[in-house]
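Participant: If you're matching positions, the sequence shown starts at 3 in this note's numbering and goes up one per residue.
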Amino acid sequence: MLPQIGFPEMIILVVLALIVVGPEDLPRLMRKLGGFMSRIRAMGQEFKDAFNEMGDATEMAELRKEIEELKKMGNLANMTGEDLNEDMRKLDAELREATTLDSPKIKPKSDPDSGGKS
3 MLPQIGFPEM IILVVLALIV VGPEDLPRLM RKLGGFMSRI RAMGQEFKDA FNEMGDATEM
63 AELRKEIEEL KKMGNLANMT GEDLNEDMRK LDAELREATT LDSPKIKPKS DPDSGGKS
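(1) Can you give me the C-alpha to C-alpha distance between Pro29 and Arg41, rounded to a whole angstrom?
(2) When you compare the CB positions of Leu35 and Val23, do they come within less than 7 Å of one another, or not?
(3) Once DSSP output is grouped into helix, strand and coil, what is the label at Gly24?
(4) Please list, in chain order, all residues of the same chain as Leu15 whose beta carbon is under 8 Å from its beta carbon, the five residues on each side excluded.
This is the structure:
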């Protein structure tokens, strides 16, 4: 964390700058320092904006994906009850046919109470 500079510290810095730089060059130095600080702030803002744009792009991709999913769900909602019932009947018939053709003939087991006698 950066140290915070209060009013007393600022006065000390101004007095030191006045002694070291001199009263004639102090305004020029302050202008250069101000320009430098504004460039640093601008670069920081650009950096922050770049991260925000990346986040916005990610959010937009997620929203597009959700919209596509909703569109697909909308297609199902537009189906009439008759279409849905017909599709369900076809699926039921296909499943029944597949299970009867693939399953081996199962012989009924003898009742355990009968002692294995039929």
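The beta carbon of each residue, even a glycine, is placed where N, CA and C say it ideally should be.
Facilitator: Per the coordinate set shown:
(1) Stepping through the sequence shown from its first residue, residue 29 is reached at position 27. Stepping through the sequence shown from its first residue, residue 41 is reached at position 39. Pairing Pro29 with Arg41, the inter-Cα distance amounts to about 18 Å.
(2) By one-based count along the sequence shown, residue 35 stands at place 33. By one-based count along the sequence shown, residue 23 stands at place 21. No, Cβ-Cβ distance for Leu35 and Val23 is not below 7 Å.
(3) In the sequence shown, residue 24 corresponds to position 22, counting from 1. Coil at Gly24, not helix or strand.
(4) Reading the sequence shown from its first residue, position 13 is the one you call residue 15. Ile7, listed in sequence order.
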